[in-house]
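Working notes for the structure below.
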Amino acid sequence: MNAKCRIVVVNGPNLGHLGVRQPEIYGSQTLDDLPLLLRQMLGQASEEVELDFFQSNSEGALIDRLERAWRESADGIVINAGAYTHTSLALADALAWIGIACVEVHLSNIWARTEDPVRQKSHLGKNCLGVIAGFGLSSYALAVAALWRRWKTP
Ligand code: DQA
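Numbering (numbering that gives the first Met the number 0), first residue to last: 0 to 153.
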């Protein structure tokens, strides 16, 4: 067991422009707000959590980051794969073999997006411990807290 719970927070395409991109759907906070928000929501537990953040618009780069997490024996992954959630068998395959506890997150509640039914399907969820959607950036904090608790009391 690592001395700290090492979690990689992975963000996929178009998530680098949070705050600017359709704030009515994805909120006005940016990815830069995420580290502090996570620390605040984790409270004391944050002392036991080491976070690493990664964002890419490329499917291959996201897979490379997951493989690196495996090489470095990360304890957990929080992933918002953006639109690749709905399309990428390759990302699902990566999660299937790396064997790292993973939580899929979304800012919006993808199941409530009935105007766009393609968003209601996730290829990744079956290879994750769970899915948290609909709470904006707080979805990430809930996911990190869940992974930390599992690491603390396996
Ligand atoms: C998203 C939902 C996806 O459908 C969309 O393509 C995104 C963001 C979310 O966090 O709500 O890029 O993953």
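The C-beta atom is built at its ideal place from N, Cα and C for all residues, glycine as well.
Keeping to the same chain, check which residues put their C-beta closer than 8 Å to that of ALA144; ignore five residues upstream and five downstream.
Here the set comprises MET40, LEU41, ALA44.
SER137 Cβ short of 7 Å to ligand 1 heavy atom set
The answer is no for SER137.
Beta-carbon contacts of ALA91 that lie in its chain and below 7 Å, excluding the five residues immediately before and after
The residues are HIS122, LEU123, ASN126.
Assuming LEU17 and TYR25 form a contact by the criterion Cβ under 8 Å, report the distance between their Cβ atoms to the nearest whole angstrom.
With 8 Å as the limit, LEU17 and TYR25 qualify as a contact, their Cβ atoms being about 6 Å apart.
Just to confirm, is the Cβ distance from VAL48 to TRP147 under 8 Å?
Yes. Within cutoff.
Which of the three DSSP states, helix, strand or coil, is assigned to ASP74?
In the three-state reduction of the DSSP assignment, ASP74 falls in the coil class, being assigned neither a helical nor a strand state.
With a threshold of 7 Å, establish whether the CB of HIS105 neighbours any heavy atom of ligand 1.
HIS105: yes, Cβ under 7 Å from ligand 1.
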